[in-house]
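Comments concern the structure below.
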Amino acid sequence: MSDSPVITQGAMEAAHHEHPPYQRHHFETIGQQNDATNFAMWLFLLTEIMFFGGLFTAYLILRNWYYPAFVAASHQLNIVWGSANTAVLITSSFTMAMGVWCAETRRKSGLVLCLVLTFLLGLVFLGIKSIEYSEKIEKHHVPGFHYSIQSFVDPASDPVAAAYGDKPLALDMARKTELYFFLYFAMTGMHALHMIIGIAILGFMIFRARAGAYTMGHVTFVENFGLYWHFVDIVWIFLFPLLYLISRHQ
Amino acid sequence: MSEQHEQEHEHHIVSPKIYVTIFFALLVLTTATVAASFVEMGVFNPIVALAIAVVKAVLVVLFFMHVKYSTKLTKLTVGAGIFTFLVLISLTLADYFTRAWGRW
């Protein structure tokens, strides 16, 4: 027992190793700190996968149950806007990945440029999304908000449904299109919320990057934000075919 | 032990060449999935669309998110997470899709 203070002191002396200012004191090496942070970020992303997974599962079950309603309702989405947004988001993921590379190789102006491009592409995505949302509002395709089943019980009255040659749905099935739009808004809305949070963090990072914060060897923040941004991209990679594409030709 | 330790923590920088390649692969796959949606394939339409989406997601995870170059801990975390997710989603779907089996 009486030995323990000595041991403690010895251990503390050993713990007082030289380390860069951005290394937290409780980590042995900067590598250990990076691994721990990376691990934690992935655990967070896994909770996010489970969260979006619930919405995807609900979508697949309801699509299976109310198939004709989901097919007719998905024809209302604009495939051109959807594809454009996919391209925009993939490009933003690419600029973000290049941003991580710039931070790792200490290219300050390159990093700022990449972050600004990612920021702008994020805004373009939200802009296109808002065009799509306003189309839905105009056609009363927002669930619970003077929802109209006109386009589905009488497709001839709706230019989009008529162009697809949709067959009129029975009243009870036509009502289920509201479920499709509920999930459409829930899924793309949660995705858009993640985009908004990401864009806000990007704005903060642009200021920090201009001050040189990420180009002096400590790239953890940029790297982990990159993981978040790519995750949001992956969610869209699945949303796009499921919502826009799979009922296109039926 | 220490040497092995150091090696494992070595920070791998993914080159822009790989990022550009993956970027174009993702754009090509996006075009492919849009084109495939205009082809009538019956039950295979969703299967093809999801298969392409899975390929795209794997490319993003491995290269943009550096998992290919990460530590074993990260690889195990990602693998275990996706496996759990697949168990949850497939068992739930198996339940719901078979509840009314034979009653339609």
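For the protein sequence lines, the chains are C and W, in the order given.
Using the numbering used here, you'd call the opening residue of the first sequence number 55 and step up by one each time.
Using the numbering used here, you'd call the opening residue of the second sequence number 27 and step up by one each time.
From the three backbone atoms N, C-alpha and C, an ideal C-beta is built for every residue, glycine too.
Would you say Met249 (chain C) and Phe279 (chain C) are within 8 Å of each other, going by their C-beta atoms? no
Spell out whether any CB of chain C is found under 8 Å from the CB atom of Val69 (chain W). no
What in chain W is Cβ-close to Gly153 (chain C), meaning under 9 Å? Within 9 Å Cβ-Cβ: nothing; Gly153 (chain C) doesn't reach chain W, min ~10 Å.
Coil, strand or helix - Glu29 (chain W) by DSSP: The predicted model places Glu29 (chain W) with a pLDDT of 44, which falls under 50 and marks its position as unreliable; any figure quoted below should be read in that light. The answer is helix: DSSP assigns Glu29 (chain W) an H, G or I state.
Taking only three categories from DSSP, how would you classify Trp127 (chain W)? coil
N-terminal and C-terminal residue of the alpha helix (DSSP H) that Met249 (chain C) is part of: 231–264
Reduced DSSP secondary structure (H/G/I, E/B, other) of Ile300 (chain C): coil
Between Trp135 (chain C) and chain W, is the shortest Cβ-Cβ distance under 8 Å, so that the two count as touching? no
Compare the beta carbon distance of Leu293 (chain C) and Ser128 (chain C) with 8 Å and say whether it is the shorter of the two. no
Between the C-alpha atoms of Glu192 (chain C) and His80 (chain C), what's the straight-line distance to the nearest angstrom? 57 Å
Check whether the segment 258–277 of chain C touches the segment 199–214 of chain C, taking contact to mean three or more Cβ pairs, one atom from each stretch, closer than 8 Å. no
Does the beta carbon of Ser147 (chain C) come closer than 8 Å to any beta carbon on chain W? yes
Please list the partners that Val40 (chain W) has in chain C, where partner means a Cβ-to-Cβ separation under 9 Å. Ala151, Val154, Trp155, Glu158
With 16 other CB atoms within 10 Å as the buried threshold, where does Ile288 (chain C) fall? buried
Would you mind telling me which residues of chain W sit closer than 7 Å to Thr172 (chain C), beta carbon to beta carbon, in chain order? Those do not exist, as Thr172 (chain C) stays about 12 Å from chain W at its closest Cβ, beyond 7 Å.
Quick one: measure Cβ to Cβ for Asn139 (chain C) and Ser96 (chain W), integer angstroms, because I've assumed they're closer than 8 Å. Rounded, the Cβ-Cβ distance is 29 Å, inconsistent with contact.
For Val154 (chain C), collect the residues of the same chain with a Cβ closer than 8 Å to its Cβ; drop the 5 residues on either side in sequence, then sort them by chain order. Val273, Val276, Glu277, Gly280
Taking Cβ positions, are Ile103 (chain C) and Gly68 (chain W) nearer each other than 8 Å? no
To the nearest angstrom, how far is it from the Cα of Leu177 (chain C) to the Cα of Ser205 (chain C)? 31 Å
Cβ of Ala75 (chain W) within 8 Å of Cβ of Leu131 (chain C)? no
Output the residue ranges of the alpha helix (DSSP H) runs that lie fully inside the segment 156–194 of chain C and measure 4 residues or longer, sorted by chain position. 162–192
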